[in-house]
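K.L.:
Numbering (the UniProt record's numbering), first residue to last: 1 to 825. What follows is a structure written as structure tokens; I'll ask about it next.
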Amino acid sequence: MSEQVQLFRPAGWVLAAFAAVLVISSAGATPRAYGADDIVLGDFESATETHAILRSPSIDRAELAGDFATEGSTAVHFRIGTRTLGESSFGIMQLPSGSALQQADYASRSYLRAAVVNATPEPNTLYLVIRDTSGHYLQKSLPAEPWSVRYFTVPTSQLAASGTDPAQIAHLQFSSERSAAAEDLWIDDIRLTDTDTPESELQDAVAPRLIAAMGLAERLEDARERLATTRSTITGHAGPDRWLLGQGSRFDDQLDAIATRIDGIADDVTQARAVLTDLTALDRRVQRFAGQVDARRADRGSFAGIGWSASTDSVYPRDLRCLCSTEPHPVELGRGESESTQLVTMPYGGGLTDASVSVVSAPSGLTVTSAPVASLDLSDPKIRQIPATPTAERPSTYRGWTPDPILTDRTTVDVAGDDLEAFWIEVRATDRATIGRQRVELELSAAGRPAHRIDLPVTVWDFTVPDTRLKTAIGHDPAAYAEPWGVTDPDQVARLVDQEYAFLAGYRIQPDNIYRKVYQSRPPTVQEIRRWEKLPGGLKQFNVWYFDPRTFTIDQPDTWDADADALFDKIAPSIEAYRKAGLIDKAYLYCCDETRAEYVPMIKHVLGRFKERFGDVKVLTTAIDDRMGLDSGLADLIDEWVRDVPWYDPAVIAERRSRGLESWWYLHAGVYNPAPNVDLNYRPGDLRTLLGPMINKADVDGFLYYRVDRWYGNGKLDDGPLSSWGPLTWNDRAGDGSLFYPGITGPIPSVRLENMKDGLEDYALIDLLKQRADRPGADPQLVARARELIKAEQIVQNAFRYDRTSDHYRAWRHDIASVITRLGT
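Pasting the structure below:
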């Protein structure tokens, strides 16, 4: 998370002790005759029973199966489930010596060799740990392509060099990091040998089964049927129809070429993988083409196809289908909030010049805006994509143009070829908005094309959504924020910070900076705080300064008081000014950014001293402790304790709340799908779910995000819709630490930020439902229904299990609004 220390999964997670033993039976396995010089540790053929120890038996599986045995008829099939709440981030299986494996002196042969098949449609990194009875170990890693077979070949001389006793091996451990989809590995033919057998022999033995598992012929036939069905619906002879017919023919030719390549594969796995990649990509384009045909059939009067996509989904300009409907999604909202949808243009070849969607008319009290959505290129191999949960329109990893920036600083864009271009339509209902169903009139236009009018139905509910009660905290770097506009003068930078805060307030994110000490030279002034209080949503709290224990000398306790007093003396005048101004109840000290247990004695000492001097100033921390100080004695020194999504412990939350203390959530780079995060390749709507029903269900008090403007080295985003702006924001990640973009004259939003704002408004909507359900005399049946909707079990079960269907989410919001209205004012 932090700019000071990076949060990684500790190695101990990979090497953790195990909780359960799974007995695997192999009835009727036929033993294979091995060379006399090899020592077969495990062939999974001759034993009638094998003991495999799983770290997470509730979601992982180990069994004998014959699908991808590399020798004989069976191997261990190790199925690794997806990430889920409370389970290890790695799927781990141990094969103990003396039960799963034969005991032997590993130094008696030159190599330890094990065959591993990755029968998964994603690349993988496999890990092997060889551990002795004293706990010493040697760990090796092995990259594996999708649908591939590899050898772990380990020189046994490396065991002694690592301090591992080759004569006392306790077990072999196989593992792989969990992904957003299940993984299937086969382990076989584990032996000690003096022969370094080339992998090519292994590939030859397994290739036919790997190629068959890819299902190339079946996939090709499915694509042909899809294309034929789509082509049969193309009618008419106008220019768009002729283009669609030609496009269908071109796809037909490309499928024929794939068929020829399939016939020539023989047993070449590498070639088969390449064909699978190309066929999968072509099939996705065929599905995308079907959407264009549907749009033409639905509206033959427009110069381009028109579709509608939910604001929670991504509209990819190329390669991937759009989760589009030909009718607009219903825009429903209360007064005081906003809702968005996406109007998607689908050119019939030839592109569009100066394409725009303008607002022709909107009822009084509704503010409606339209802006094109830009896309960033994620094809750079330096970008590390953490596999996303696959969706109907996107695979787990997609290295192409990915939408996110919303170009609110311009109205027109040029669209190339048959690229899809989304326009972000935002409807905001003021307190004067008319209640009920009404109509917004939009107009799609482009140079040299007849303008086309489109109706967007909008329903305004009969209530006002309050300000969001949930607290937020952020970090930012004023110099980094100002860099794209070439501003370095401190006074001008300060004015830009005011601009940044006003922008974020419009998205219900409070002005703040947890890293004030790192990026700014002083605490905020009373005058600055007064300005923040006038922003939309007001000001719930602000950071005074940052106490970083790493800047103290941990092994010299006699220096702690002097170091602490130096820090306290610096902020004391500001704190006194806050007291005089009546602002002290909003002040907090940020502490101990992601520190671990070794810092607890120092933190306890320094914060105890801090509370003696500034007992009216709160303390907020992201120190790593799932018990939030209840066991370490820190609990009562820290008013707001922040743990990472998906941490959840209702007993800890309840205990802290009983003491008047708060529990928060935050995101960092180590949070992977299925849990939500801000990576550009993740579904943006997950962030709406996170900050709405998910965070409400977790019953936490606030949300923190460590950086909002981490765009070092990037200039203004002044092109598009296919933008050259560099998507790398934190090390090798795209999107982490950056929630919006530097536009031509100021900040412009992202699809992710819009979804975060919508989630915060959904949280406020839930609050309104709670308030009305808690009123004395409320209808018991309506109250019972309100409790169901607040719990939102049909939408969210936990941070790993939640509904990603936009229609279901809209229906949940609609039901909340209906119950709020029926419960009355």
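Every residue gets a Cβ at the ideal spot worked out from N, C-alpha and C, and that includes glycine.
Starting from histidine 77, trace the beta strand (DSSP E) both ways and give me its first and last residue.
P.N.:
Taking the sequence shown and counting its residues from 1, one reaches residue 77 at position 77. 75 to 80 is the span of the beta strand (DSSP E), which, as asked, contains histidine 77.
K.L.:
Restricting to Cα atoms, I'd like to know which of Gly351, Ile474, Leu378, His476 is closest to aspartate 414.
P.N.:
For the purposes of this step, residue 414 is identified with residue 414 of the sequence shown, where counting begins at 1. The candidate whose alpha carbon is nearest that of aspartate 414 is Gly351.
K.L.:
Do glutamate 199 and tyrosine 127 have their C-beta atoms closer together than 8 Å?
P.N.:
Start at 1 with the first residue of the sequence shown, and residue 199 comes out as number 199. Start at 1 with the first residue of the sequence shown, and residue 127 comes out as number 127. Not closer than 8 Å, so no.
K.L.:
Please give the ranges of any beta strand (DSSP E) in the region 589 to 650, keeping only runs that are unbroken, at least 3 residues long and fully inside the region.
P.N.:
Complete beta strand (DSSP E) runs here, min 3: 618 to 621, 640 to 644.
K.L.:
Secondary structure at phenylalanine 503, three-state DSSP: helix, strand or coil?
P.N.:
Position 503 of the sequence shown, counted from the start, is the residue given in the question as residue 503. Three-state DSSP puts phenylalanine 503 in a helix.
K.L.:
Can you tell me whether valine 269 is buried or exposed, with buried defined as 16 or more other CB within 10 angstroms of its CB?
P.N.:
Stepping through the sequence shown from its first residue, residue 269 is reached at position 269. By the neighbour-count rule (16 or more Cβ atoms within 10 Å), valine 269 is buried.
K.L.:
What residue range is occupied by the uninterrupted beta strand (DSSP E) comprising phenylalanine 547?
P.N.:
What you label residue 547 is simply residue 547 of the sequence shown in a count that begins at 1. Note, phenylalanine 547: beta strand (DSSP E), 542 to 547.
K.L.:
State the DSSP-derived secondary structure class of histidine 808, mapped to helix, strand or coil.
P.N.:
In the sequence shown, residue 808 corresponds to position 808, counting from 1. Histidine 808: helix per DSSP, three-state reduction.
K.L.:
Assuming tyrosine 111 contacts threonine 193 (C-beta within less than 8 Å), just tell me the rounded distance between them.
P.N.:
Sequence index remark: in the sequence shown, residue 111 carries index 111 (1-based). Sequence index remark: in the sequence shown, residue 193 carries index 193 (1-based). That belief holds up - the Cβ atoms of tyrosine 111 and threonine 193 are roughly 5 Å apart, short of 8 Å.
K.L.:
Look at residue 831 and serine 325 and say whether their C-beta atoms are less than 8 Å apart.
P.N.:
With the chain covering only 1 through 825, there is no way to say anything about residue 831.
K.L.:
Could you give the residue range of the alpha helix (DSSP H) that holds valine 275?
P.N.:
Here residue 275 refers to the residue found at position 275 of the sequence shown. Residues 269 to 298.
K.L.:
May I ask you to list the residues that DSSP assigns as paired with tryptophan 401?
P.N.:
Translated into the one-based positions of the sequence shown, residue 401 becomes position 401. Beta-bridge pairing links tryptophan 401 to Asp377.
K.L.:
Do residue 907 and arginine 801 have their C-beta atoms closer together than 8 Å?
P.N.:
What is shown of the chain runs 1 to 825, which leaves residue 907 out entirely.
K.L.:
Between alanine 65 and chain D, is the shortest Cβ-Cβ distance under 8 Å, so that the two count as touching?
P.N.:
Included in the structure is just one protein chain, with no chain D present.
K.L.:
Would you mind sorting glutamate 337 into buried or exposed? The rule is 16 or more other CB atoms within 10 Å of its CB.
P.N.:
As a first step, residue 337 must be located in the sequence shown, where it is residue number 337. Glutamate 337 comes out buried.
K.L.:
According to DSSP, is tyrosine 712 helix, strand or coil?
P.N.:
The residue labelled residue 712 in the question sits at position 712 within the sequence shown. Coil, per DSSP.
K.L.:
Please report the distance separating the alpha-carbon of asparagine 696 from that of threonine 745.
P.N.:
Here residue 696 refers to the residue found at position 696 when the sequence shown is read from its first residue. Here residue 745 refers to the residue found at position 745 when the sequence shown is read from its first residue. Using only the alpha carbons, I get a separation of about 36 Å.
K.L.:
Rounded to whole angstroms, what's the CA-CA distance from alanine 422 to leucine 680? Just pull it up for me.
P.N.:
In the sequence shown, residue 422 corresponds to position 422, counting from 1. In the sequence shown, residue 680 corresponds to position 680, counting from 1. Computed Cα separation, rounded: 17 Å.
K.L.:
Return the chain-ordered list of same chain residues with a C-beta closer than 7 Å to the C-beta of leucine 634, the five sequence neighbours on each side being excluded.
P.N.:
Indexing the sequence shown from 1 puts residue 634 at position 634. These residues qualify, in order along the chain: Val600, Ile603, Lys604.
K.L.:
Please report the distance separating the alpha-carbon of isoleucine 53 from that of valine 645.
P.N.:
By 1-based counting over the sequence shown, the position of residue 53 is 53. By 1-based counting over the sequence shown, the position of residue 645 is 645. Using only the alpha carbons, I get a separation of about 28 Å.
K.L.:
Using the three-state DSSP reduction, which class does alanine 355 fall into: helix, strand or coil?
P.N.:
Taking the sequence shown and counting its residues from 1, one reaches residue 355 at position 355. Of the three classes helix, strand and coil, the one that applies to alanine 355 here is strand, per DSSP.
K.L.:
Could you check where the beta strand (DSSP E) with glycine 305 kicks off and where it finishes?
P.N.:
In the sequence shown, residue 305 corresponds to position 305, counting from 1. Residues 305 to 310.
K.L.:
If you compare alpha carbons, which of Gln168, Ile39, Ala160 is closest to arginine 96?
P.N.:
For the purposes of this step, residue 96 is taken as the residue at position 96 of the sequence shown. Sequence inspection shows proline at residue 96; the arginine mentioned does not correspond to that position. That would be Gln168, whose Cα lies nearest to the Cα of proline 96.
K.L.:
Using the C-alpha atoms, what's the distance from leucine 782 back to aspartate 299?
P.N.:
Sequence index remark: in the sequence shown, residue 299 carries index 299 (1-based). Sequence index remark: in the sequence shown, residue 782 carries index 782 (1-based). Answer to the nearest angstrom: the Cα atoms are 42 Å apart.
K.L.:
Classify valine 116 as helix, strand or coil using the three-state DSSP reduction.
P.N.:
In the sequence shown, residue 116 corresponds to position 116, counting from 1. Strand.
K.L.:
Quick check: what's the CA-CA separation for aspartate 222 versus phenylalanine 289?
P.N.:
Taking the first residue of the sequence shown as 1, we reach residue 222 at position 222. Taking the first residue of the sequence shown as 1, we reach residue 289 at position 289. C-alpha separation (whole angstroms): 15 Å.
K.L.:
Go ahead and pull the three-state DSSP assignment for threonine 559.
P.N.:
Taking the sequence shown and counting its residues from 1, one reaches residue 559 at position 559. It is helical.
K.L.:
Pick helix, strand or coil for tyrosine 682, following the three-state DSSP scheme.
P.N.:
By 1-based counting over the sequence shown, the position of residue 682 is 682. Coil at tyrosine 682, not helix or strand.
K.L.:
Which residue or residues does DSSP assign as beta-bridge partners of threonine 345?
P.N.:
Counting from 1 along the sequence shown, the entry for residue 345 is found at position 345. Its beta-bridge partners are Ile306, Glu421.
K.L.:
Label residue 883 either buried or exposed according to how many other C-beta atoms from any shown protein chain fall within 10 Å of its C-beta, with 16 as the threshold for buried.
P.N.:
Nothing about residue 883 can be read from this structure; the chain reaches only from 1 to 825.
K.L.:
Would you call the region 327 to 342 and the region 425 to 442 in contact, with 3 or more CB pairs under 8 Å?
P.N.:
The region 327 to 342 vs the region 425 to 442: in contact.
K.L.:
Out of Gly86, Gly98, Ser58, Ser89, which one is the CA nearest neighbour of alanine 42?
P.N.:
Along the sequence shown, one-based indexing puts residue 42 at 42. In the sequence as displayed, the identity of residue 42 is glycine instead of alanine. Per the Cα distances, Gly98.
K.L.:
Give me, in chain order, the residues of the same chain whose beta-carbon lies closer than 8 Å to that of arginine 822; leave out the 5 immediate sequence neighbours on both sides.
P.N.:
If you number the sequence shown from 1, residue 822 lands on position 822. Cβ within range, chain order: Asp779, Leu782.
K.L.:
In whole angstroms, what separates the C-alpha of threonine 30 from that of aspartate 196?
P.N.:
Locating residue 30 in the sequence shown gives position 30, where the first residue counts as 1. Locating residue 196 in the sequence shown gives position 196, where the first residue counts as 1. A caution first: threonine 30 carries a pLDDT of 34, below 50, which makes its placement in the model unreliable, though a value can still be read off. Going by the C-alpha atoms only, they are around 25 Å apart.
K.L.:
With a Cβ-Cβ cutoff of 8 Å, do proline 240 and tyrosine 316 count as a contact?
P.N.:
Within the sequence shown, numbered from 1, the residue matching residue 240 stands at position 240. Within the sequence shown, numbered from 1, the residue matching residue 316 stands at position 316. Not a contact, by the Cβ cut-off of 8 Å.
K.L.:
In the DSSP assignment, the alpha helix (DSSP H) including arginine 530 goes from what residue to what residue?
P.N.:
Along the sequence shown, one-based indexing puts residue 530 at 530. It spans 526 to 533 - the alpha helix (DSSP H) in which arginine 530 sits, taken as one unbroken run.
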